[in-house]
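Input: a single structure, listed below in C-alpha cells.
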Amino acid sequence: MKLQTQMPVNRVTDEIWEIPPSAKDGMLVPARIYATEQILTSMDSGVFEQVTNVACLPGIRRYALCMPDGHWGYGFPIGGVAAMDLESGVISPGGIGFDINCGMRLIRTNLVREDVQPKLDQLMTELFRRVPAGVGSRGFVRLNRQEFEEVMRKGARWCIERGYGWHEDLERIEERGCLPGADPSKISDHAVTRGINQLGTLGSGNHYLEVQVASNDRIFDRETAAALGITGHDQIVVMVHCGSRGFGHQVASDYLQVFEKAMRRYGITVKDQQLACAPFRSPEGQDYFAAMNCAANSAFANRQVITHQIREAFSTVLGTSAEELGMEIVYDVAHNIAKVERYKEGELVVHRKGATRAFGPGQPELPERFRKIGQPVICGGSMETGSYLLVGTHQAMEETFGSTMHGSGRTMSRAQAKRSVRGEQLQKDMQKRGIIVKAVSMSGLAEEAGFAYKNISDVVEAVDRAGITKKVAELRPIGNIKG
Amino acid sequence: MTRSFRFLEQVALADSAFEASGDSPTELFLAAGQAVIETMANPTTVSARWERVIERTNPELAALLFDWLSDMVFLKDAEGVVFRDATAVVTEDRPNGGWKLRGTLTGEPIDPGRHELRNDVKAVTKHLYEVRQEDGRWIARVVLDI
Chain A
176 MKLQTQMPVN
186 RVTDEIWEIP
196 PSAKDGMLVP
206 ARIYATEQIL
216 TSMDSGVFEQ
226 VTNVACLPGI
236 RRYALCMPDG
246 HWGYGFPIGG
256 VAAMDLESGV
266 ISPGGIGFDI
276 NCGMRLIRTN
286 LVREDVQPKL
296 DQLMTELFRR
306 VPAGVGSRGF
316 VRLNRQEFEE
326 VMRKGARWCI
336 ERGYGWHEDL
346 ERIEERGCLP
356 GADPSKISDH
366 AVTRGINQLG
376 TLGSGNHYLE
386 VQVASNDRIF
396 DRETAAALGI
406 TGHDQIVVMV
416 HCGSRGFGHQ
426 VASDYLQVFE
436 KAMRRYGITV
446 KDQQLACAPF
456 RSPEGQDYFA
466 AMNCAANSAF
476 ANRQVITHQI
486 REAFSTVLGT
496 SAEELGMEIV
506 YDVAHNIAKV
516 ERYKEGELVV
526 HRKGATRAFG
536 PGQPELPERF
546 RKIGQPVICG
556 GSMETGSYLL
566 VGTHQAMEET
576 FGSTMHGSGR
586 TMSRAQAKRS
596 VRGEQLQKDM
606 QKRGIIVKAV
616 SMSGLAEEAG
626 FAYKNISDVV
636 EAVDRAGITK
646 KVAELRPIGN
656 IKG
Chain B
167 MTRSFRFLEQ
177 VALADSAFEA
187 SGDSPTELFL
197 AAGQAVIETM
207 ANPTTVSARW
217 ERVIERTNPE
227 LAALLFDWLS
237 DMVFLKDAEG
247 VVFRDATAVV
257 TEDRPNGGWK
267 LRGTLTGEPI
277 DPGRHELRND
287 VKAVTKHLYE
297 VRQEDGRWIA
307 RVVLDI
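Residue numbers (this note's numbering), protein chains in the order written: chain A, 176 to 658; chain B, 167 to 312.
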C-alpha cells in the first residue's frame, strides 16, 4: 500500500487506520483515519501531517480523527474531528474553519419529477433570482445593528418570528437553529459591517442550492427514508450548502489574531500557525466561543431565509402554496463548528471541521421524531454526481464523538479543473444530461466540476461500512445554482 | 521597477495560493494586491467609479501586507464592490520604526450582469504565509481561503 506519508499507518479494521503517538514528537493521542484502503491511498500528505499535528493539541482526548472525505485544510484537515477537555484543553478556530457553521439543509416536497420537469428552467431562474449568489452578494433582508444582534442571539428563531419560516422548522435543525452562549459584545464592528447585508445569500466556492430527485432505486433504507419524509418515486427535494458568509469569515480572522497573542501568554506552542488556540476556559477562549456561536446562529438564520425564498420560488412557479407542496425541512446540519458535548470522558469541546454531527438513536439531545432512527446526516457531493442522506448510529457515539463525513472532498486544484473544462461547456454538457445550472461565475463553475472531487459514493460506502453512519438515500441533481 | 505574481497550484487544493514579487515593498504590495483583485473578478470588466484610500502602519512589513490584503477582502463584502485597480506607496515609518502604507483601491459596486466574477475570498490566511527578501527582490507567498 503506497501512502503519501512516511509515518506508520496501522490497519485497525478495513475502514479504520491508526497513526501511533510515537510517529511524531508531541502527539498526546493516536490519530485515526476512517477510510477504505483505496481512499486512504488517495489522501494527500497534508491529511497525515495535519491530523497528527491536531493530536498534539493540549487537552485532546482519545484520538485526533479524520473522516474519509478528508483533505488538506488550514491547521486541521478538512474532515477533522477533535474533542478537548473543557478544563485542560483548548479551542482552536483552525478546528472549525473560516466559514463558521457552514452546513447542509435538505427540504422535501410532495412533488415528483414530472410535476417539475416542464417548468424546471423557470423554477431555476426564479430560485437564482431569489437567492443571491457569488462574490459579495447581498440579501433582501435589511437589518440595523440591533436587529443583526438579535439574529446572532436567536439564529433561525429570529427568522420564524419575522415570518421567514414555519414554527415546526426549528425542531428539524441541529440545536433548533440556535446555539446558546452567543454574545454579540464579542463581535468586532468589522465583522458586523462585513456581514450585515448578507443574510439569505449563498456565497461562492463549493456552496450551492440544488434541486434533486429521490428515485426508488437509490433508497437504501425505505423505513427510515419514509420517517424522514423521503418517499422516492422520483420525489423532488432541495438541498442547500452554505454558511455564515463574510460575518463568520471575519469572526474567524479576528480571533486568529487574538489567539496568536494569547498562545504566547499561555505558553502554548503548536506545529502550525493555523492551529492557533487558547485554553477553552481562558477569557480569549470564552470570547471566541461566544463569538463563534453568534456566527453559527447567523448561519442557521442564513439557511432559514434561503429556505423561505425557496418556498416562495416553488410557490410562485407552481402556483401552489409551499404548505400544500409539503415543503418541510428534513434536517439542517452544521459541519464547521465546535460544541460542548458529553461523552464517557465527561464534557468535551468537540471540534468538527468539514465533519458532521451524527448522533445515534436514543440520544436525549435529539427531538422525539429522530429519537428512534438517529439524527439525519446530509452529505453533499459534487454538482454532477449526487448527494446522500444518512443517519447517525450508536457506533458513532462510541467511536467518533458522534461524528461522520460531510461531503466528497476535493482531489484536484481549482486551476487544474479550470484548465480541464470551460464553465460554459460544462453547463451545456450538464444540460444534456438533464441538469440545469445557473451560475454567477463561469470560471467558478468549472472549478466545481465533478471530476475535481472524490466519488461521493465511495466515501459514503466507507462510513456506512465503518458503521458510524448508515445510508438512507442518494439524491441526484436536476438543477443547480452556483455562486 | 518590476512586479509580478503567479498562482501556485499545488499549495492549496480547495483554495487559492499565489506568490507575488517586486523590486521594492511598494512593488510587492502592488503585485500581491493585483493577485487578490484578479482572484475576485476580472478587473478589465470593472470600472473605477468607487475609490477608497487606505492608510496603515505596522512594525512588520509582513503584517502590513497581510492587513492590506485583508482590507481588500473586507471592503469586497462591507461595500459590496469588486476592484479595478490598486495603487500603493510603502515607506519606512522612520520616526516610529516599522512601515507605512498609503494605498488606493478603485472599483465599483458588484454587477453580475457586467462583471466577470470569480471567487468570493473568505480570508487571507497565515498558512505558509511569508514575506522575504531574496536577491534584491521582495517576495510574498499568500494562501487565500475560497
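Positions of the beta carbon are idealized from the N, C-alpha and C atoms, including for glycine.
Source: prediction; values computed, not measured.
Asked: Give me the residue from Thr291(B), Val309(B), Arg307(B) with the minimum Cα distance to Asp429(A).; Found: Thr291(B)
Asked: In chain order, what residues of the same chain lie with their CB nearer than 6 Å to the CB of Val612(A), ignoring the 5 residues before and after it?; Found: Gln602, Met605, Asn655
Asked: Starting from the Cα of Arg369(A), find the closest Cα among Ala289(B), Pro209(B), Thr272(B) and give me that residue.; Found: Ala289(B)
Asked: Tell me, please, whether the CB atom of Trp247(A) is closer than 9 Å to any CB atom in chain B?; Found: yes
Asked: Nearest chain B C-beta to His365(A) closer than 9 Å, yes or no?; Found: yes
Asked: How would you call Met694(A), buried or exposed, if buried means at least 16 neighbouring beta carbons within 10 angstroms?; Found: Because residue 694(A) is not part of the residues shown, which for chain A are 176 to 658, the question remains open.
Asked: Looking only at C-alpha atoms, which of Val297(B), Thr270(B), Ala180(B), His293(B) sits nearest to Trp216(B)?; Found: Thr270(B)
Asked: Which residues, taken in chain order from the stretch 182–196 of chain B, show a beta carbon closer than 7 Å to some beta carbon of chain A?; Found: Ser182
Asked: Among the candidates Glu543(A), Asp639(A), Met617(A), whose CA atom is the shortest distance from the CA of Ala571(A)?; Found: Asp639(A)
Asked: First and last residue of the beta strand (DSSP E) that includes Thr284(A)?; Found: 278–287
Asked: So the alpha helix (DSSP H) Arg304(A) belongs to, where does it begin and stop?; Found: 295–305
Asked: Can you tell me which of Glu175(B), Glu193(B), Asp189(B) puts its alpha carbon nearest to the alpha carbon of Arg268(B)?; Found: Glu193(B)
Asked: So for Ile443(A), helix, strand or coil by DSSP?; Found: coil
Asked: Mind checking whether the beta-carbon of Gly250(A) lies closer than 8 Å to any heavy atom of the ligand GTP?; Found: Looking at this structure, you won't find the ligand GTP or any other ligand, since it has none at all.
Asked: Which residues, in chain order, does the stretch 287–311 of chain B contribute to contact with chain A at a C-beta distance below 7 Å?; Found: Lys288, Ala289, Thr291, Lys292, His293, Asp311
Asked: In terms of DSSP beta bridges, what is Arg236(A) paired with?; Found: Bridge partners of Arg236(A): none, in fact.
Asked: Can you tell which of Glu296(B), Ala180(B), Ala201(B) has its C-alpha closest to the C-alpha of Ile312(B)?; Found: Ala180(B)
Asked: Just by C-beta distance, which residues in the stretch 204–238 of chain A are closer than 9 Å to chain B?; Found: Asp219, Gly221
Asked: List the residues of chain A that Ser236(B) touches, going by C-beta distances under 8 Å, in chain order.; Found: Ser428
Asked: What residues from the stretch 283–313 of chain A come within 8 Å of chain B, judged by C-beta to C-beta, listed N to C?; Found: Gly309, Val310, Gly311, Ser312, Arg313
Asked: Taking all protein chains shown into account, do 16 or more other C-beta atoms lie within 10 angstroms of the C-beta of His342(A), making it buried, or fewer, making it exposed?; Found: exposed
Asked: Could you please give the first and the last residue of the uninterrupted alpha helix (DSSP H) stretch that includes Thr216(A)?; Found: 212–217
Asked: Have a look at Gly658(A) and Ser616(A) and give me their C-alpha separation to the nearest angstrom.; Found: 6 Å
Asked: Give a yes or no on whether the C-beta atoms belonging to Gly501(A) and Asn285(A) are separated by under 9 Å.; Found: yes
Asked: Since Asn660(A) meets chain B, which of its residues come closer than 7 Å, beta carbon to beta carbon?; Found: Because chain A here runs from 176 to 658, residue 660(A) falls outside it and cannot be looked at.
Asked: Could you tell me the alpha carbon to alpha carbon distance between Val212(B) and Val202(B), rounded to whole angstroms?; Found: 14 Å
Asked: Checking the sheet assignment: what are the DSSP bridge partners for Phe173(B)?; Found: Phe184(B)
Asked: Do Met202(A) and Cys231(A) count as a contact pair if the criterion is CB distance below 9 Å?; Found: yes
Asked: Would you tell me roughly how many angstroms separate the C-alpha atoms of Ser390(A) and Leu302(A), rounded to the nearest one?; Found: 23 Å
Asked: From the DSSP output, in three-state form, read off Gly555(A) for me.; Found: strand
Asked: Taking only the alpha-carbon atoms, compute the straight-line gap between Pro209(B) and Asp364(A) and give it to the nearest angstrom.; Found: 29 Å
Asked: Less than 6 Å between C-beta atoms, sequence neighbours within five positions excluded: which residues of the same chain meet that for Arg288(A)?; Found: Val388, Asp409
Asked: Going by DSSP in three states, Gly501(A) sits in which element: helix, strand or coil?; Found: coil
Asked: Considering only C-alpha positions, which residue in the set Val265(A), Ala401(A), Gln373(A) is nearest to Gly314(A)?; Found: Gln373(A)
Asked: Could you give the uninterrupted runs of the beta strand (DSSP E) lying entirely in the stretch 457–541 of chain A, keeping only those of 3 residues or more?; Found: 504–509, 511–518, 521–528
Asked: Consider the Cβ of Phe395(A): report whether some Cβ of chain B lies at a distance smaller than 9 Å.; Found: no
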